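Notes for the one structure printed next.
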Amino acid sequence: MAEAKIVLIGAGSSSFGVDTVAAVLAARDRLRGSVLALVDIDEAALGSMAELTRRACEELEAELEVETYTDRREALPDADFVIVSVEVDRYPAWRRDWDAIRASGVPNSYAENGGPGGLAHSLRTVPMVVDICRDVVELASDALVLNYTNPMSRVCLAAVRHTGARVVGMCHQIGNAYYEVGRALGWIDAPAGSPEEIEQAAAVAERLAVEACGINHLTFITRIWDRAEGADLYPWFRRRLAQMPAEFSPLSRRVADVFGLYPSGGDLHISEYFGWAPEVTDVTPPFEFWDRRGEKRVGRIEAALAGRLELADLFARENEFELDRAVDVITAILDGTDQLELAVNVVNDGCIQGLPDWAVVEVPAVVGAGGIRPLHMPRLPAGVVALLNQQILIQDLVVEAAVQGDRRAALQSLLLDPVTGERFAANGTLLDDLVREHGALMPFDEAGGTAGTASAPMLGGVR
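Numbering (our numbering), first residue to last: 1231 to 1693.
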């Protein structure tokens, strides 16, 4: 057990805030005596989260000191860990991206992390997180920043390159690999999203292990093996894939057939990185579902405040595959007990051969007394390395566009992107449309001058 100061930036979120507090409460015995600093500019949401957290700490006899701040700079001094999940106008802004891209005639699936949607998202979020990390370096230089803000690789690359902060990106997408493999092997047959599916996926994780690497949201399964006997299950997985119905992850199966490795997250996010993805699958963001889910989560918070919902139910950790693991990383470092983390986003430094050392990659890591120690991975197939390098170079341009306010770099990223292709007029017009849609949230205006701000208001976390 060790004491620490943990700062949550974006704590007012009905998703990120609740999930992260739930993880802290689950680890309360290992964090006894620690300070939990909740930060959000939404005073009402922050106040609700603080009240619920303090009540839960009292009920569970968790010896945690809960502090609240609307100004992160007041929260950061003496911080040991800073967990970041921030957005501006998350889903409405995403919807505006989606509509503008579709209206332009430029193809793009999902539109969050890659293609023109990923560019627009980066231009809004990168400056915010860079500003946060600059404050961390100034006020708590030894603190470890655990980032959840997307687009993950671009945000982390910008933060490391332009601030020197100690940053690691966290994403739970690797958990999807167990669903994909489990369904293909016939071990998961429950309806998607049901409690039974979660139980079956947990059972899959007990029986086998999955290893994957790449860049966030474009990772590839490199090994599947039986935990008890160590047998290689990848050949069986490939045979079973060939027998699955045509509607089962058609894009991931096509990619695996051509490039030799199966994408770990299924079709959702990888559709953003292939211009031909719409020929194989249609991945449209489920905005209406997210609206309903957001309303439900807010309703649960209101019910807990009114005493109609037990705090134990609000802060329950029911699905380890869907929950953020930042607190697990923190406790492993504090306890000095090594544990394997399936996926962290860190500077490459040779972990994946053939990729630039400066790139931010997603790999497994051992976390413990020595901090976060990413594993060096087996050599990937040449085609996969080429795919990753293509996206890394685009990320490089996007980061400079976001941090330096460089419209030319932004346009170059679109012209080099396999999703948008070399259509100068269409991409130039689309870029102007996206900048116009988001106004001051962008780092430059339509003419290329500096129009936005790196200190835009931040709403709560997004997960």
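Think of the CB as a built atom: it goes at the ideal place given N, C-alpha and C, for glycine as much as any other residue.
A quick note: this is a predicted structure, and the numbers were derived from the prediction, not measured.
Query - Y1408 in three-state terms, based on DSSP - result: As a working note, residue 1408 is residue 178 in the sequence shown. It is helical.
Requested in this report: Please list, in chain order, all residues of the same chain as P1515 whose beta carbon is under 8 Å from its beta carbon, the five residues on each side excluded.
Outcome: Taking the first residue of the sequence shown as 1, we reach residue 1515 at position 285. Hits under 8 Å: W1324, R1325, W1328, Y1340, A1341 and E1342.
Requested in this report: Tell me whether Q1569 sits in a helix, a strand or coil according to DSSP, three-state version.
Outcome: Position 339 of the sequence shown, counting from 1, holds the residue named residue 1569. Reduced to three states, the DSSP call for Q1569 is strand.
Query raised in the report: Short check: CB of L1266 to CB of L1294, under 7 Å?
Result: Position 36 of the sequence shown, counting from 1, holds the residue named residue 1266. Position 64 of the sequence shown, counting from 1, holds the residue named residue 1294. Yes, the Cβ-Cβ distance between L1266 and L1294 is below 7 Å.
Query raised in the report: DSSP state of V1440, grouped into three classes?
Result: Along the sequence shown, one-based indexing puts residue 1440 at 210. V1440: strand per DSSP, three-state reduction.
Query raised in the report: Between the segment 1330-1337 and the segment 1283-1303, do three or more beta carbon pairs fall short of 8 Å?
Result: no
Query raised in the report: Pick from A1573, A1556, R1437 and D1626: whose alpha carbon is nearest that of A1252?
Result: The residue given as residue 1252 occupies position 22 in the sequence shown. Measuring from the Cα of A1252, the nearest candidate turns out to be A1556.
Requested in this report: Can you give me the start and stop residues for the beta strand (DSSP E) that N1619 sits inside?
Outcome: As a first step, residue 1619 must be located in the sequence shown, where it is residue number 389. Premise fails: N1619 lies in the alpha helix (DSSP H), A1612 to Q1634, not in any beta strand (DSSP E).
Report task. Note down, in chain order, each residue of its chain lying with its Cβ closer than 8 Å to the Cβ of V1359, except the 5 sequence neighbours on either side. Result -> Start at 1 with the first residue of the sequence shown, and residue 1359 comes out as number 129. If we look at V1359 and ignore the five residues flanking it on each side, its Cβ neighbours are V1314, V1316, N1377, T1379, V1385, A1388 and A1389.
Query raised in the report: From what residue to what residue does the beta strand (DSSP E) around I1582 run?
Result: The sequence position of residue 1582 within the sequence shown is 352, counting from 1. It is not in any beta strand (DSSP E) - I1582 carries neither H nor E in the DSSP assignment.
Query raised in the report: Distance, Cα to Cα, V1665 vs G1240?
Result: In the sequence shown, the residue the question calls residue 1665 occupies position 435. In the sequence shown, the residue the question calls residue 1240 occupies position 10. Going by the C-alpha atoms only, they are around 25 Å apart.
Query raised in the report: Excluding the five sequence neighbours on either side, which residues of its own chain have a C-beta within less than 7 Å of the C-beta of G1505, listed in chain order?
Result: Position 275 of the sequence shown, counted from the start, is the residue given in the question as residue 1505. Excluding sequence neighbours, G1505 sits near P1337, P1648, V1649 and G1651.
Query raised in the report: How is L1261 classed by DSSP in three states: helix, strand or coil?
Result: Mapped onto the sequence shown, residue 1261 falls at position 31. L1261 falls in the coil class under three-state DSSP.
Query - Closest residue to A1257 among A1546, A1395 and A1350 (Cα-Cα distance) - result: By 1-based counting over the sequence shown, the position of residue 1257 is 27. For the residues A1546, A1395 and A1350, the minimum Cα distance to A1257 belongs to A1546.
Query raised in the report: Nearest-angstrom Cα distance between F1391 and V1593?
Result: On the sequence shown, position 161 is the one that residue 1391 refers to. On the sequence shown, position 363 is the one that residue 1593 refers to. The residue asked about is misnamed: residue 1391 is Arg in this sequence, not Phe. In a straight line, the C-alpha of R1391 is about 19 Å away from that of V1593.
Query raised in the report: Cα separation between C1287 and E1281?
Result: Translated into the one-based positions of the sequence shown, residue 1287 becomes position 57. Translated into the one-based positions of the sequence shown, residue 1281 becomes position 51. Rounded to the nearest angstrom, the two C-alpha atoms are 10 Å apart.
Query - 8 Å Cβ shell around R1603 - same chain, five flanking residues per side excluded - result: In the sequence shown, the residue the question calls residue 1603 occupies position 373. Only A1595, V1596 and V1597 meet the Cβ criterion.
Requested in this report: Could you spell out the range, first to last residue, of the alpha helix (DSSP H) harbouring I1313?
Outcome: Taking the first residue of the sequence shown as position 1, residue 1313 is located at position 83. Run containing I1313: none in the alpha helix (DSSP H); it sits in the beta strand (DSSP E), F1311 to V1314.
**Report entry** Neighbour flag for C1363 against chain B, beta carbons, 7 Å
**Finding:** Given the protein chain composition of this structure (a single chain), no chain B is represented.
Query raised in the report: By the 10 Å Cβ neighbour count, where 16 or more other Cβ atoms means buried, how is E1502 classified, buried or exposed?
Result: On the sequence shown, position 272 is the one that residue 1502 refers to. Burial call: buried.
**Report entry** Where the alpha helix (DSSP H) containing T1511 begins and where it ends
**Finding:** For the purposes of this step, residue 1511 is taken as residue 281 along the sequence shown, with counting starting at 1. No alpha helix (DSSP H) contains T1511, which DSSP labels as neither H nor E.
Query - Reduced DSSP category for D1462 - H, G, I as helix; E, B as strand; rest coil - result: The sequence position of residue 1462 within the sequence shown is 232, counting from 1. In the structure shown, D1462 sits in a strand (DSSP, three-state: E or B).
**Report entry** Opening and closing residue of the alpha helix (DSSP H) in which G1524 lies
**Finding:** Translated into positions along the sequence shown, residue 1524 becomes position 294. From DSSP, the alpha helix (DSSP H) with G1524 extends over F1517 to L1535.
Query raised in the report: What are the residues that DSSP puts in a beta bridge with I1602?
Result: Your numbering for residue 1602 matches position 372 in the sequence shown. Per DSSP, V1597.
Query raised in the report: What number of angstroms, rounded off, separates the C-alpha of G1423 from the C-alpha of L1369?
Result: Taking the first residue of the sequence shown as position 1, residue 1423 is located at position 193. Taking the first residue of the sequence shown as position 1, residue 1369 is located at position 139. If I take the Cα positions, the gap works out to 42 Å.
**Report entry** Coarse secondary structure for P1493, derived from DSSP in three states
**Finding:** In the sequence shown, the residue the question calls residue 1493 occupies position 263. Three-state DSSP puts P1493 in a strand.
Query raised in the report: In chain order, what residues of the same chain lie with their CB nearer than 8 Å to the CB of A1234, ignoring the 5 residues before and after it?
Result: In the sequence shown, counting from the first residue as 1, residue 1234 sits at position 4. Excluding positions up to five away in sequence, the list reads L1261, S1264, V1265, D1310, F1311, I1560 and L1564.
Query raised in the report: What number of angstroms, rounded off, separates the C-alpha of V1296 from the C-alpha of F1674?
Result: Indexing the sequence shown from 1 puts residue 1296 at position 66. Indexing the sequence shown from 1 puts residue 1674 at position 444. Roughly 39 Å between the two C-alpha positions.
Query raised in the report: Beta-carbon separation of G1412 and V1434 under 7 Å?
Result: One-based indexing of the sequence shown puts residue 1412 at position 182. One-based indexing of the sequence shown puts residue 1434 at position 204. It is a contact, given that the beta carbons lie within the stated cut-off.
Query raised in the report: If you draw a straight line from the alpha carbon of G1524 to that of F1517, how long is it in whole angstroms?
Result: As a first step, residue 1524 must be located in the sequence shown, where it is residue number 294. As a first step, residue 1517 must be located in the sequence shown, where it is residue number 287. Those two C-alpha atoms are separated by around 10 Å.
Query raised in the report: Pick from A1414, T1452, N1446 and Q1642: whose alpha carbon is nearest that of S1479?
Result: The sequence position of residue 1479 within the sequence shown is 249, counting from 1. Per the Cα distances, A1414.
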